[in-house]
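**Student:** Protein chains in written order, with our numbering: chain P, 0 to 149; chain F, 0 to 149; chain L, 0 to 149; chain A, 0 to 149. Built from N, CA and C at the ideal position, the CB exists for glycine as well.
1. Note down, in chain order, every chain P residue with its Cβ under 8 Å from the Cβ of residue 28 of chain F.
2. What distance in whole Å lies between the Cβ atoms of residue 57 of chain A and residue 169 of chain F, which are believed to be in contact at a cut-off of 8 Å?
3. Can you give me, in chain order, the residues of the region 60-93 of chain L that have a beta carbon less than 7 Å from any beta carbon in chain A?
4. Extract the residue ranges of the alpha helix (DSSP H) inside the region 81-122 of chain A, only unbroken runs of 4 or more that lie entirely within it.
5. Given a cut-off of 8 Å on the beta-carbon distance, is the pair residue 35 of chain P and residue 115 of chain P in contact?
6. Grouping DSSP H, G and I as helix and E and B as strand, with all else coil, what is residue 71 of chain A?
7. Less than 8 Å separating the beta-carbons of residue 41 of chain L and residue 71 of chain F?
8. Using 8 Å for Cβ pairs, my map puts residue 62 of chain F next to residue 94 of chain F. What's the rounded Cβ distance?
9. Leaving out five residues before and five after residue 7 of chain A in sequence, what residues of the same chain have Cβ atoms less than 7 Å from its Cβ?
10. In this structure, how does DSSP classify residue 45 of chain F when only helix, strand and coil are distinguished?
11. Mind checking whether residue 129 of chain F and residue 88 of chain F have CB atoms under 8 Å apart?
12. Could you pull the start and end residues of the alpha helix (DSSP H) that residue 4 of chain P belongs to?
13. Closer than 8 Å between beta carbons: that is the criterion. Which residues of the region 122-137 of chain L meet it against chain F?
14. Thinking C-alpha only, which one of P:100, P:86, P:121 and P:132 is nearest residue 55 of chain P?
15. Chain A partners of residue 50 of chain F, CB-CB under 8 Å?
16. Could you check the C-alpha separation between residue 49 of chain A and residue 118 of chain A for me, to the nearest Å?
17. With the cut-off set at 8 Å, would you say residue 97 of chain F and residue 83 of chain P are in Cβ contact?
18. Looking at chain P, is there any beta carbon in it that lies within less than 8 Å of the beta carbon of residue 40 of chain A?
19. Nearest by alpha-carbon distance to residue 59 of chain F: which of P:80, P:37, P:45 and P:39 is it?
20. Just to confirm my understanding: we take residue 27 of chain F, look at its own chain, exclude 5 residues before and 5 after, and list those with CB closer than 7 Å. What are they?
21. Once you ignore the five residues that flank residue 112 of chain P on each side, which residues in its own chain have a CB closer than 7 Å to its CB?
22. Does DSSP put residue 145 of chain A in a helix, a strand or coil?
23. So, with DSSP's three-state summary, where would you put residue 0 of chain P?
24. Secondary structure at residue 125 of chain L, three-state DSSP: helix, strand or coil?
25. Check whether chain P comes within 8 Å of residue 97 of chain L, counting only Cβ atoms and requiring the distance to be less than that.
26. Taking 7 Å as the limit between beta carbons, can you name the residues of its chain near residue 90 of chain A, skipping five residues before and five after?
27. Applying a beta-carbon distance threshold of less than 9 Å, which residues of chain A neighbour residue 111 of chain P?
28. Measuring CB to CB, does residue 29 of chain F end up less than 8 Å from residue 29 of chain L?
29. Counting only beta-carbon separations shorter than 8 Å, does residue 19 of chain L have a partner in chain F?
30. Within its chain, find whatever has a CB closer than 6 Å to the CB of residue 3 of chain F; leave out the 5 residues flanking it on each side and keep chain order.
31. Compare the Cα-Cα distances from residue 45 of chain L to each of L:109, L:132, L:69 and L:134 and report the closest residue.
32. Counting only C-beta atoms, is residue 25 of chain L closer than 8 Å to chain P at any point?
33. List the residues of chain L that residue 108 of chain P touches, going by C-beta distances under 8 Å, in chain order.
34. Among P:75, P:68 and P:33, which residue has its Cα nearest to the Cα of residue 75 of chain A?
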């Protein structure tokens, strides 16, 4: 399987020392978007529990959309200006945090929520790391409820 | 034709006094995303000038993606948290500003760039207005080159 | 407000006699995608009824995604090959038909479902019309339940 | 890294014997969408050659959009009807074939085009395989120019 790392190397401008940070973020964004779409769909299939999963479903839908757009901006690196990338990464870290919090509340009962919360935390961490590497102060602090979903 | 205003009224929660601000922003986002997609495509069709339009094309692509995701978050108003909406609107205002600046530089020669710059300025203004209504300080100042594309 | 019609005229290649058909389809696609996103969100807000609206929500989510991608292909008219446009329009007509059927079943109780069913029928009709104009046989027949949502 | 395979297992309905076919298609779709976005951006960065890469760029943009929407429909498996999945997979196979053909023509000169053509061929094959598994006749035949990009 061709990886993001290989694909990024195929670019003329790929001698960027931060290529690994980009690739790590892109992998986390793709995994998070997929986890969110699967979780929202699986939540809708939980007969008898859909109503209490509404916050989770909406957070999933928002997070999937934001992750996919953030990934596109990171992939389109040739001339995307830094301030836009910063702002979008910041929005993405917030979307991941919100979705992780919603899903963590249902993690014990539903495996798809547990998977999604983990993918969101990982993606939030990668977005924050990339924000740090790019020199922004716009990172979003992790909420301290990580251990329950580890 | 059914309008965004009518559609928003069909929601149980539509008695929001800010519905007009949302509808105005959503109309501007849809027009901006369409203008950006059309402009990027038309730029690729400008034989002999594509190379100098590269910054314009990339800004168009970024702006279309960001506008569409921002619209989805605004449409999904039932439970989207305010801080995420703020952050995404802020990113969107930046994407619009950047794209307007790129397109304004080609506005005299290409009608699609002129149209796109206008749609981006209008969308940036609507995003900033909504940020103000929602109580954020995250607005993005307009660049003072508006008159050349009016 | 800048309209799709104006934006399409800004293209060098806009002397296409089918520009009106494209513009009509694009307006219907945008209205349908918005109606679907609003409907899915409003369904999630219908306390006590979410569970029976699950089919509606999933059809809304699919239809919004398919409409937005179809619109992008139509907007990117400079060199998109006809067979891909045909196939995507055909998928879109199916997505609209399915979503209209799901929403029509809830149209009497929920205004957002009524609005969404109407937008989906209109979009399906525009996609089918454009398929006819473009010379394809891939149209999707309307289901005969239109009158209940008119 | 959490994989699509793991995520799909987290669903209640995951005892589907075709889960592997879905997972393979989803991995190919994600890789293809990323390859297309990277290729379109890298093409825009090829100073002196952008003009001759226009067909490649447009095919990349179409293919990325179509792959991402197709992936969403496959991920949302709980209640997506088969005929819509078929039609969307068929459109996707066409988008991949077209993009592979465009990129193959530039594969010797540009590594990103070579990578993209390979990812498109692989994705087309996975879409066709899934169409076969799902019982459709809508597969899109491979063009016989594979060896030049292997």
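**Tutor:** Reading from the atomic positions:
1. Within 8 Å Cβ-Cβ: nothing; residue 28 of chain F doesn't reach chain P, min ~13 Å.
2. No answer is possible for residue 169 of chain F: it lies beyond the span of chain F, which begins at 0 and ends at 149.
3. Within the region 60-93 of chain L, the qualifying residues are 60, 61, 64, 65, 68, 71, 72, 75, 77, 78, 79, 80, 82, 83, 86, 87, 89, 90 and 93.
4. Qualifying alpha helix (DSSP H) stretches, in chain order: 81-103.
5. Closer than 8 Å, so yes.
6. In this structure, residue 71 of chain A counts as helix in the three-state DSSP scheme.
7. No.
8. Contact flag correct, Cβ pair sits at about 4 Å.
9. Annotation for residue 7 of chain A: 13, 18, 21 and 22 place their beta carbon closer than 7 Å to its own, counting only its chain and skipping 5 residues before and after.
10. Coil, per DSSP.
11. Yes, the Cβ-Cβ distance between residue 129 of chain F and residue 88 of chain F is below 8 Å.
12. First-last of the alpha helix (DSSP H) with residue 4 of chain P: 3-8.
13. If the cut-off is 8 Å between Cβ atoms, the region 122-137 of chain L has nothing near chain F.
14. In terms of CA proximity to residue 55 of chain P, P:100 leads the group P:100, P:86, P:121 and P:132.
15. Contact of residue 50 of chain F with chain A by beta-carbon distance below 8 Å involves 46, 47, 49 and 50.
16. Cα to Cα, the separation comes out at about 21 Å.
17. One thing to note: residue 97 of chain F has its Cβ within 8 Å of the Cβ of residue 83 of chain P.
18. Yes, contact with chain P.
19. The candidate whose alpha carbon is nearest that of residue 59 of chain F is P:80.
20. Taken in chain order, the residues that qualify are 121, 122 and 125.
21. 38, 55, 102, 105 and 106.
22. Low confidence applies here, because residue 145 of chain A scores a pLDDT of 44, under 50, leaving its location unreliable and the question unanswered by this model.
23. Because residue 0 of chain P sits at a pLDDT of 48, beneath the cut-off of 50, its placement in the model cannot be relied upon, and the point is left open.
24. Reduced to three states, the DSSP call for residue 125 of chain L is helix.
25. It does not: the Cβ of residue 97 of chain L has no partner Cβ on chain P nearer than 8 Å.
26. Taken in chain order, the residues that qualify are 65.
27. Those are 6, 9, 10 and 11, listed as they occur along chain A.
28. Less than 8 Å separates the beta-carbon of residue 29 of chain F from that of residue 29 of chain L.
29. Not closer than 8 Å to any Cβ of chain F, the Cβ of residue 19 of chain L fails to qualify, so no.
30. By the criterion of a C-beta distance shorter than 6 Å, residue 3 of chain F is surrounded in its chain by 22, 25 and 26, once the five residues flanking it on both sides are discounted.
31. Checking every option, the nearest Cα to that of residue 45 of chain L belongs to L:109.
32. False, the Cβ-Cβ gap to chain P never drops below 8 Å.
33. Near residue 108 of chain P there are no residues of chain L at all, since even the closest Cβ is about 17 Å away, more than 8 Å.
34. Of all alpha-carbon atoms in P:75, P:68 and P:33, the one lying nearest the alpha-carbon of residue 75 of chain A is that of P:33.
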